[in-house]
Amino acid sequence: MVGSDGRMIEIPAYVPPVIEEPEEPEVSGGKGSTPGRSSLASRRGRPIRALLTSARRYLGVPYVWGGEDPSGFDCSGYVQYLYGLHGVQLPRTADVQFMAGRSVPRGQEQPGDLVFFETYAPGASHVGVYLGRGAFIHASSVGFVRISSLEEEYFSARYLGARRFF
Numbered sequence: 192m193v194g195s196d197g198r199m200i201e202i203p204a205y206v207p208p209v210i211e212e213p214e215e216p217e218v219s220g221g222k223g224s225t226p227g228r229s230s231l232a233s234r235r236g237r238p239i240r241a242l243l244t245s246a247r248r249y250l251g252v253p254y255v256w257g258g259e260d261p262s263g264f265d266c267s268g269y270v271q272y273l274y275g276l277h278g279v280q281l282p283r284t285a286d287v288q289f290m291a292g293r294s295v296p297r298g299q300e301q302p303g304d305l306v307f308f309e310t311y312a313p314g315a316s317h318v319g320v321y322l323g324r325g326a327f328i329h330a331s332s333v334g335f336v337r338i339s340s341l342e343e344e345y346f347s348a349r350y351l352g353a354r355r356f357f
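Residues in the sequence shown are numbered from 192 upward in steps of one, following this note's numbering.
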C-alpha cells in the first residue's frame, strides 16, 4: 500500500477477523435468579477493551531497538507503554516482565494477557499482548507493530508462557 507521502506502507500479514472479548463468568444466585456478570469480571472487561483499542492504534509503528514511545517501539517498550496508558506500571524488559504478574496456563490466555517467547536469548526475550482467538499484537523485530498468531511455527516453538496484570 502507498501512503499519502508516496512511501510504501507494510500491512501486517495476519489480522484475525474478530477480537474475542474477555471471558466474564456468570454468577448465579438461588433458584429463579437471572445469571449476570460478576463485578470483578465486569471491572476487568472495561480496561481490557480499552487496552486492546489502544494496542491496535499503534499497528505499523516502526520497530526500534530500545524504543518505548510511538516514534518506535521494541517489544517490551511497546507493552510497557500500552499498560502505562491504562494505569499499570510494568518493568522495562521482557525477562523482568515475565517474572511479574500472575501466571496463566497455556490455553487459558485471555485478551490483555502478556504472552512471552524465548527468541534470541535464553528466557523471555520477546513479548506481546494477547488479543484472543490465538492472535497477539507485538513490536516485531522484522519491522513494525503487527498482529501474529500463536500457531505460527516460529512463535509456537518458542512460547514460554503468559502473565496477567489486570
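Virtual Cβ for every residue (Gly too), placed ideally from N, Cα, C. A quick note: this is a predicted structure, and the numbers were derived from the prediction, not measured.
Classify residue i: buried if its beta carbon has 16 or more other beta carbons within 10 angstroms, exposed otherwise.
i: Glu343; result: exposed
i: Val287; result: exposed
i: Gln301; result: buried
i: Tyr345; result: exposed
i: Gln299; result: exposed
i: Leu276; result: exposed
i: Gln271; result: buried
i: Ala348; result: exposed
What are the boundary residues of the beta strand (DSSP E) that includes residue i?
i: Leu351; result: Tyr350 to Arg355
In the DSSP assignment, find the alpha helix (DSSP H) that holds residue i and state where it starts and stops.
i: Ser255; result: Residue identity differs from the one stated: residue 255 is Val in this sequence, not Ser. Run containing Val255: none; DSSP gives neither H nor E here.
i: Val287; result: Ala285 to Met290
i: Arg275; result: Per the sequence presented here, residue 275 reads as Gly, with Arg not at that position. Unbroken alpha helix (DSSP H) run through Gly275: Cys266 to Leu276.
Where does residue i sit, in a helix, a strand or coil, going by DSSP?
i: Ala241; result: helix
i: Ala246; result: helix
i: Gly334; result: coil
i: Ser262; result: coil
ask   = Three or more beta-carbon pairs under 8 Å between the stretch 256-266 and the stretch 290-298, yes or no?
value = no
message = If we require 4 or more residues per run, which alpha helix (DSSP H) segments fall completely within the stretch 292-329?
response = none
At least 3 beta-carbon pairs within less than 8 Å: the stretch 243-253 vs the stretch 322-331 = yes
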